[in-house]
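Reading through the structure tokens given below for one structure.
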Amino acid sequence: MSLFDKAAPISAQPALLTAIKFSPQYSAISVEGKDVDSIGLGVLLSTVERLSENCGESMALGKLNAFYSFSHGRSFTLEKHEDSIAFKHIADVSRWSDLGAGFPNYTQEDFPDIPTRQEITQFLNEESNVVCFGFRSLSSQDWEYHMKSLGEKAQRFQSAGMVAMQIHVLLKSSQYPHGRMCLRFDNGVQWIWSTHDDRHCMLFVDTEISQASLGTVIHCGESFVLS
Amino acid sequence: MAKNILILDDDADFNNLLTDIFTQADYKVTSERDPETAIEVFQKVHFDLVVTDQKMPGLTGEEFIREIKRFRKDIPVIMVSGYLDNDTIRNLIREGVGGVFLKPLNVFSLLKRTTALIEESETSQKRQALVGEAEGTIENLTYQHQLPFNFRSFPCKSPKSLEFAKKLYSLRNFKANLIIIGEQGTDFPSIVDDLRGFESSGDTVFLFVESPKLNAEGLNQLIDQSERDGAKRITLVFPHAQALRSEQKKLIFQLSKQEGPFVNVHTTIRYVFCLSDDIDALYDRGEIDDDIYMFMGTSEVKVPPLRDIRDDIPILAYALMVDEAKAKGVTPIPKFDTAAKVYLHERDWKENVLELKQLVNYSLSQADGEIMTRKQLEIAVENQSKLASSDGVEGFKLRMEEFRDEYTQAVHLLLGQDKVKTAQQLGVEPVFVEGVVRGFQQ
Numbered sequence: 000m001s002l003f004d005k006a007a008p009i010s011a012q013p014a015l016l017t018a019i020k021f022s023p024q025y026s027a028i029s030v031e032g033k034d035v036d037s038i039g040l041g042v043l044l045s046t047v048e049r050l051s052e053n054c055g056e057s058m059a060l061g062k063l064n065a066f067y068s069f070s071h072g073r074s075f076t077l078e079k080h081e082d083s084i085a086f087k088h089i090a091d092v093s094r095w096s097d098l099g100a101g102f103p104n105y106t107q108e109d110f111p112d113i114p115t116r117q118e119i120t121q122f123l124n125e126e127s128n129v130v131c132f133g134f135r136s137l138s139s140q141d142w143e144y145h146m147k148s149l150g151e152k153a154q155r156f157q158s159a160g161m162v163a164m165q166i167h168v169l170l171k172s173s174q175y176p177h178g179r180m181c182l183r184f185d186n187g188v189q190w191i192w193s194t195h196d197d198r199h200c201m202l203f204v205d206t207e208i209s210q211a212s213l214g215t216v217i218h219c220g221e222s223f224v225l226s
Numbered sequence: 000m001a002k003n004i005l006i007l008d009d010d011a012d013f014n015n016l017l018t019d020i021f022t023q024a025d026y027k028v029t030s031e032r033d034p035e036t037a038i039e040v041f042q043k044v045h046f047d048l049v050v051t052d053q054k055m056p057g058l059t060g061e062e063f064i065r066e067i068k069r070f071r072k073d074i075p076v077i078m079v080s081g082y083l084d085n086d087t088i089r090n091l092i093r094e095g096v097g098g099v100f101l102k103p104l105n106v107f108s109l110l111k112r113t114t115a116l117i118e119e120s121e122t123s124q125k126r127q128a129l130v131g132e133a134e135g136t137i138e139n140l141t142y143q144h145q146l147p148f149n150f151r152s153f154p155c156k157s158p159k160s161l162e163f164a165k166k167l168y169s170l171r172n173f174k175a176n177l178i179i180i181g182e183q184g185t186d187f188p189s190i191v192d193d194l195r196g197f198e199s200s201g202d203t204v205f206l207f208v209e210s211p212k213l214n215a216e217g218l219n220q221l222i223d224q225s226e227r228d229g230a231k232r233i234t235l236v237f238p239h240a241q242a243l244r245s246e247q248k249k250l251i252f253q254l255s256k257q258e259g260p261f262v263n264v265h266t267t268i269r270y271v272f273c274l275s276d277d278i279d280a281l282y283d284r285g286e287i288d289d290d291i292y293m294f295m296g297t298s299e300v301k302v303p304p305l306r307d308i309r310d311d312i313p314i315l316a317y318a319l320m321v322d323e324a325k326a327k328g329v330t331p332i333p334k335f336d337t338a339a340k341v342y343l344h345e346r347d348w349k350e351n352v353l354e355l356k357q358l359v360n361y362s363l364s365q366a367d368g369e370i371m372t373r374k375q376l377e378i379a380v381e382n383q384s385k386l387a388s389s390d391g392v393e394g395f396k397l398r399m400e401e402f403r404d405e406y407t408q409a410v411h412l413l414l415g416q417d418k419v420k421t422a423q424q425l426g427v428e429p430v431f432v433e434g435v436v437r438g439f440q441q
């Protein structure tokens with residue numbers, strides 16, 4: 000069983016559907032793609048950006064630099080540059096490395112085993128670059144969180160989780176990829192994996208993280224989707 | 000003011016998202032997850048729009064909409080749902096749902112539709128209100144303001160005119176001085192009429208004292224006449240009070256103290272000063288001095304300009320139309336159609352009630368049927384504006400032409416009835432002067 004998205008075969012080449020360069024106020028500067036509603040997309044992206052900033056603010060992670068999501072063979076990326084914002088919607092995406100942006104090039108062969116939920120919790124607890132993580136089921140609404148150091152962060156984690164779910168439903172109802180999300184901030188990275196029955200795994204990691212640690216994180220997240 | 004939106008969705012995440020999106024767009028949002036609770040809230044709070052899901056435990060969105068429309072038929076509703084079959088969509092549209100949003104959700108379209116629906120609803124409400132007013136509520140010229148006293152200056156459909164009427168009434172027994180502040184074009188005589196109407200006894204006389212007549216002799220004559228007529232109290236009203244000359248102000252002081260030429264006045268006298276601006280502003284600009292500032296006192300009431308009481312305008316216009324038509328014996332009295340009422344409602348009335356009066360009177364003089372249309376009002380405004388723009392030299396010439404003979408005769412008298420000098424002065428032929436003078440002698 001593959002840990003990676005199977006909507007697109009791994010051998011396929013990612014295909015660009017839409018690329019838009021926006022001004023910081025979300026006015027389209029350049030547009031690639033067919034039948035693109037750049038105004039509607041601008042409003043959607045500004046909402047995604049604002050909600051993402053709210054997530055980062057909850058966890059005191061600083062400014063958002065980029066937002067990535069992918070599932071069902073498509074990816075959605077928003078990258079903030081000094082004087083512009085780049086949006087890309089790509090088809091035939093099967094793994095994180097297809098998004099570029101420094102994501103590691105793992106294949107299913109690198110993760111032959113699928114850990115259980117208990118093992119996932121153990122791996123993440125042992126991983127020093129993971130600041131905190133939690134799980135949420137549709138019925139519970141609240142996050143069951145695991146932290147290395149508790150305290151006021153518990154409430155912050157719930158707030159960030161609540162906003163992350165808003166991003167999730169926004170992308171879902173807009174029919175954009177939402178199963179895997181990665182939010183890069185100045186002082187940390189937020190990852191969220193979601194299953195088809197709306198269970199979620201959310202974790203925050205340090206910005207500086209080794210490839211091995213990142214491998215563990217991705218391994219756990221992808222395993223959660225299949226668990 | 001922020002528009003009020005009720006969001007109903009049992010999915011907490013989607014509910015939070017919609018709440019965030021609408022709040023970010025400057026709406027005031029109340030979010031509910033249970034339809035029964037939402038119905039209770041809906042009955043207590045005025046909402047401008049409702050956003051609901053279809054699939055919920057308890058009531059469906061369709062049933063919820065039917066319930067709330069029992070309380071407010073015209074409430075705009077948007078449904079946001081994952082999936083709806085065609086029959087449901089048809090039913091929703093039949094129930095009056097203004098927007099059905101299925102996935103993929105487009106936030107921009109949702110917000111755009113929300114704005115459009117609220118605007119449509121507001122316009123429709125205004126039109127309904129205006130049409131309702133046309134249906135006889137003012138046929139007998141009785142305003143439906145439900146005030147426990149007669150008040151004719153405004154119909155009091157707007158909060159500010161209602162507040163003004165109440166304040167004026169509360170000040171009806173002012174002891175010595177009352178200040179009425181009204182912008183350019185305020186109908187002070189009408190307001191003073193209302194003030195007079197508040198008097199329960201008929202022994203108070205209200206006298207308008209225009210600036211040119213304000214001298215000791217004129218004042219004494221007015222007071223004497225009133226006393227002879229049995230007045231026990233006199234209220235002197237000074238329109239344009241800020242324009243009084245210093246000797247006139249001095250006379251008012253003397254009268255208030257029964258000194259100088261007024262030593263024989265024994266009747267109680269009150270004073271109403273009509274000002275165009277707040278007394279402090281006039282004082283700061285040097286338009287009134289220390290003495291009059293101190294004398295005028297602090298009992299004051301501000302007349303709302305028409306732009307602040309727009310809901311009053313169509314009714315007021317019709318009342319003015321009826322007054323004017325009766326005075327001139329015009330029948331039938333034309334009624335404003337809906338477009339005309341909207342025009343009256345939306346126009347920028349810089350000259351307030353007097354401008355409205357002028358327009359109504361002019362329109363009535365041009366009326367040719369039972370209906371007064373927007374087009375007729377627009378033409379009337381255009382014609383009035385032409386007349387106004389012909390003021391200055393042209394306007395003066397026109398008016399002088401009207402009184403040409405009287406003017407010639409006056410110059411002739413002033414110049415010792417010398418026809419040649421008169422002709423030279425006026426730059427006309429002596430024969431013209433001869434003809435005019437002969438006409439007057441006949």
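Protein sequence lines correspond, in order, to chains A and B.
Everything in the first sequence is counted per numbering that gives the first Met the number 0, starting at 0 for the first residue and increasing by one.
Everything in the second sequence is counted per numbering that gives the first Met the number 0, starting at 0 for the first residue and increasing by one.
All C-beta atoms in this analysis are idealised placements derived from N, C-alpha and C, irrespective of residue type, glycine included.
ask   = Beta carbon of Leu-83 of chain B, beta carbon of Val-49 of chain B: below 9 Å?
value = no
query = In the segment 83–107 of chain B, which residues sit with their C-beta less than 7 Å from some C-beta in chain A, listed in chain order?
reply = Lys-102, Pro-103, Leu-104, Asn-105, Val-106 and Phe-107
request  = Along the beta strand (DSSP E) that carries His-45 of chain B, what are the first and last residues, could you check?
outcome  = Careful: His-45 of chain B lies outside any beta strand (DSSP E) and carries neither H nor E.
ask   = Just checking, does the segment 45–62 of chain B make contact with the segment 106–120 of chain B on the three C-beta pairs under 8 Å criterion?
value = yes
ask   = Thinking C-alpha only, which one of B:Asp-310, B:Gln-23, B:Lys-256 and B:Ala-1 is nearest Tyr-142 of chain B?
value = B:Asp-310
query = Is Ser-149 of chain B near Gly-196 of chain B, with beta carbons less than 9 Å apart?
reply = The question names Ser, but residue 149 of chain B is Asn in the sequence shown. Taking 9 Å as the Cβ cut-off, Asn-149 of chain B and Gly-196 of chain B qualify as a contacting pair.
query = Can we say the segment 202–209 of chain B touches the segment 236–245 of chain B, given the rule of at least three CB pairs closer than 8 Å?
reply = yes
ask   = Which residue's Cα is closest to the Cα of Asp-25 of chain B: B:Asp-33, B:Lys-68 and B:Thr-113?
value = B:Thr-113
message = Let's see if you can read the secondary structure: which residues bound the beta strand (DSSP E) around His-177 of chain A?
response = Counting along the chain, His-177 of chain A falls outside any beta strand (DSSP E), and DSSP gives it neither H nor E.
message = Between the alpha carbons of Pro-103 of chain B and Met-0 of chain B, how many angstroms are there, rounded?
response = 31 Å
Beta carbon of Pro-313 of chain B nearer than 9 Å to that of Ile-370 of chain B = no
message = Under 9 Å, Cβ to Cβ, is there at least one residue of chain A near Ala-11 of chain B?
response = yes
ask   = On the three-pair Cβ rule with 8 Å, is the segment 295–306 of chain B touching the segment 163–180 of chain B?
value = yes
inquiry  = Give me, in chain order, the residues of the same chain whose beta-carbon lies closer than 7 Å to that of Thr-136 of chain B; leave out the 5 immediate sequence neighbours on both sides.
reply    = Because the pLDDT of Thr-136 of chain B is 48, which lies under 50, any placement of that residue in the model is unreliable, and the question is left without a value.
request  = Could you say which of B:Arg-346, B:Phe-21 and B:Ala-316 lies nearest to Phe-335 of chain B if we only look at CA atoms?
outcome  = B:Ala-316
task = Any chance you could list the beta strand (DSSP E) runs of at least 3 consecutive residues sitting entirely within the segment 272–348 of chain B, in chain order?
result = 299–301
inquiry  = List, in chain order, every chain A residue whose beta-carbon is nearer than 7 Å to that of Leu-16 of chain B.
reply    = Gln-165, Val-168 and Leu-169
query = Considering only C-alpha positions, which residue in the set B:Ile-268, B:Ile-287 and B:Gly-229 is nearest to Asn-218 of chain B?
reply = The sequence as given places Leu at residue 218 of chain B; Asn does not occur at that position. Nearest C-alpha to Leu-218 of chain B: B:Ile-268.
ask   = Apart from the five residues just before and just after Leu-161 of chain B, which ones in its own chain have a Cβ nearer than 6 Å to its Cβ?
value = Cys-155
query = Got a sec, what are the start and stop residues for the beta strand (DSSP E) Met-201 of chain A sits in?
reply = 199–204
message = Would you say Asp-52 of chain B lies against chain A (beta-carbon separation less than 9 Å)?
response = no
ask   = Is the CB of Ile-447 of chain B under 9 Å away from at least one CB in chain A?
value = Since the first and last residues shown for chain B are 0 and 441, residue 447 of chain B lies out of range.
key: Alpha carbon of Gln-453 of chain B to alpha carbon of Arg-437 of chain B, nearest angstrom   = What the structure shows of chain B is the stretch from 0 to 441, and residue 453 of chain B is not part of that stretch, so it cannot be assessed.
inquiry  = Closest to Val-42 of chain A by C-alpha separation, out of B:Arg-373, B:Met-78 and B:Ile-20, would be which residue?
reply    = B:Ile-20
Proximity winner among B:Asn-85, B:Met-55 and B:Arg-93, relative to Lys-72 of chain B (alpha-carbon distances) = B:Arg-93
ask   = Beta carbon of Ala-18 of chain A, beta carbon of Val-30 of chain A: below 9 Å?
value = yes
CA-to-CA distance, Gln-154 of chain A to Ser-80 of chain A, given in whole angstroms = As written in the sequence, residue 80 of chain A is His, which differs from the Ser given in the question. About 31 Å.
query = Can a CB atom of chain B be found closer than 9 Å to the CB of Asp-36 of chain A?
reply = yes
inquiry  = Residues of the segment 123–156 of chain A in Cβ contact with chain B at a cutoff of 7 Å, in chain order, please.
reply    = Gln-140
request  = Step through the CB atoms of chain A and report whether any lies within less than 9 Å of the CB of Gly-368 of chain B.
outcome  = no
ask   = Helix, strand or coil: which one does DSSP assign to Gln-189 of chain A?
value = strand
query = Does the Cβ of Leu-413 of chain B have 16 or more other Cβ atoms within 10 Å, making it buried, or fewer, making it exposed?
reply = exposed
request  = Check each candidate in A:Ala-159, A:Ser-222 and A:Ile-113 and name the one with the smallest Cα separation from Glu-52 of chain A.
outcome  = A:Ala-159
inquiry  = For Phe-237 of chain B, list the residues DSSP reports as bridge partners.
reply    = B:Phe-272
Run of the alpha helix (DSSP H) containing Tyr-26 of chain B, from where it starts to where it stops = Premise fails: Tyr-26 of chain B is in no alpha helix (DSSP H) and is neither H nor E.
ask   = Would you say Gly-60 of chain B faces chain A, with C-beta separation under 9 Å as the test?
value = no
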